[in-house]
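Enquirer:
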Amino acid sequence: MNQRGSGLFNMLSLVLVGLTGITLICYLVVLVYPTVFFNPFPPGREIGLVSPTPTPTPALPPTYTPTNTPTITPTWPPTPTPTPRATRSPYPFTCEVEYRRPEYDSWSGVAGHIQDLDGNPLPGYHVKTEGAGLSPPAVRAGADSRINTIYGSDAAWEQAYNPGAYQAMGIRVQLFNDHPDPDGSYRAVSDVLTVNLPGYASGSLGYVVCTLNWEDWR
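Every letter in the sequence shown is one number past the one before it in this note's numbering, and letter 12, counting from 1, is 16.
1) Should VAL199 and GLY210 be called a contact, given that it needs their Cβ atoms to be closer than 8 Å?
2) Grab me the residues of ILE51's own chain with a C-beta within less than 7 Å of its C-beta, minus the 5 sequence neighbours each way, in chain order.
3) Quick one: residues in its chain with C-beta nearer than 8 Å to the C-beta of PRO202, no 5 flanking neighbours on either side, listed in chain order?
4) Take PHE97 as the anchor and find which of ILE29, GLY135 and HIS117 has the nearest alpha-carbon.
5) Could you name the residues that DSSP lists as bridge partners for HIS117?
6) Confirm, please, whether the CB-CB distance from ASP182 to GLY128 is below 8 Å.
7) Closest to ASN166 by C-alpha separation, out of VAL177, ILE154, GLU107 and LEU138, would be which residue?
8) Out of LEU197, GLU162, MET15 and VAL213, which one is the CA nearest neighbour of VAL256?
9) Going by C-alpha distance, which of ILE175, ASP187, PRO186 and TRP218 is nearest VAL193?
10) Helix, strand or coil: how does DSSP classify ARG105 here?
11) By alpha-carbon positions, which one of TYR155, GLN178, TYR204 and ALA169 ends up nearest to GLU107?
12) What is the DSSP secondary structure of VAL193, reduced to helix, strand or coil?
13) Can you say whether ILE175 is buried or exposed, counting buried as having 16 or more other CB atoms within 10 angstroms of its CB?
14) In this structure, does DSSP put TYR155 in helix, strand or coil?
15) Nearest CA to the CA of TYR204: which residue from LEU197, TYR170, CYS99 and SER10?
16) Mind checking which residues open and close the beta strand (DSSP E) that includes GLU219?
17) Below 8 Å on the Cβ atoms is my guess for ALA251 versus ALA159; work out the distance and round it to an integer in Å.
18) In whole angstroms, what separates the C-alpha of SER10 from that of LEU20?
19) In terms of residue numbering, what span does the beta strand (DSSP E) encompassing LEU179 cover?
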């Protein structure tokens, strides 16, 4: 009985030793090859890292870069700006009309005076008028002292076209030189001015002022 028990014990010891050896071998295999099929705790698989997709950044609108504006450097002393001069008239005199009531009585016609740039009277020039079917002789500015007194100028003139009533009509006025040319004719020194009388009292006199506009005129 003791022999049989001893034999059984020895057999179990051998089996235990064999299993221990097998276990050690398995540990060694797992240690060397951890991914072996019988490893109950295989290492985890490497998970590939996914590269993040770049998020597009919205493009900002282009910004305006101001251009440097050159600054004008003032000069000293300042240069005076030349005064623009009026365009030279084709005639040495310019005539303008003002409509008003006659100085006396009730009549229709034209009157006026001749002056220089400073308003000084320039007597002696001839004034030719025509209109309403009439063409009276030219009158000489300043020749009638009574007319000069009425209009307050030593170079005044007057020409009636209807001496007794107010009448609507057109009268052409032009100034001629104060002395004749070598051929005996008088040269025009102003453009033709048309005076349109309206036919009522406050406008029955066309008062014409002819002003010298050439400084070097002689």
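Every residue gets a Cβ at the ideal spot worked out from N, C-alpha and C, and that includes glycine.
Expert: For this structure:
1) Against a cut-off of 8 Å, the Cβ pair of GLY210 and VAL199 comes out as a contact.
2) In this prediction, ILE51 scores a pLDDT of 45, lower than 50, which makes its location untrustworthy; no coordinate-derived value is stated.
3) In chain order, TYR103, ALA172 and SER208 place their CB closer than 8 Å to the CB of PRO202, counting only its own chain and leaving out the 5 sequence neighbours on each side.
4) Checked all of ILE29, GLY135 and HIS117; the closest Cα to PHE97 is HIS117.
5) HIS117 is bridged to ALA160 and VAL213.
6) Their beta carbons are under 8 Å apart, which means GLY128 touches ASP182 by this criterion.
7) Per the Cα distances, LEU138.
8) Outside the displayed span of the chain (5 to 222) sits residue 256, for which this structure offers no information.
9) Ranking the options by Cα distance to VAL193, first place goes to TRP218.
10) Reduced to three states, the DSSP call for ARG105 is coil.
11) The shortest Cα separation from GLU107 among TYR155, GLN178, TYR204 and ALA169 belongs to TYR155.
12) The three-state reading of DSSP puts VAL193 in coil, since its state is none of H, G, I, E or B.
13) It counts as buried.
14) Taken through DSSP and simplified to helix, strand or coil, TYR155 comes out as helix.
15) Of all alpha-carbon atoms in LEU197, TYR170, CYS99 and SER10, the one lying nearest the alpha-carbon of TYR204 is that of TYR170.
16) Boundaries cannot be given for GLU219, as no beta strand (DSSP E) includes it and DSSP labels it neither H nor E.
17) In the structure displayed, the chain extends from 5 to 222; residue 251 sits before or after that span and is not available.
18) When rounded, the distance between both Cα atoms is 15 Å.
19) Where LEU179 is concerned, the enclosing beta strand (DSSP E) stretches over 173 to 180.
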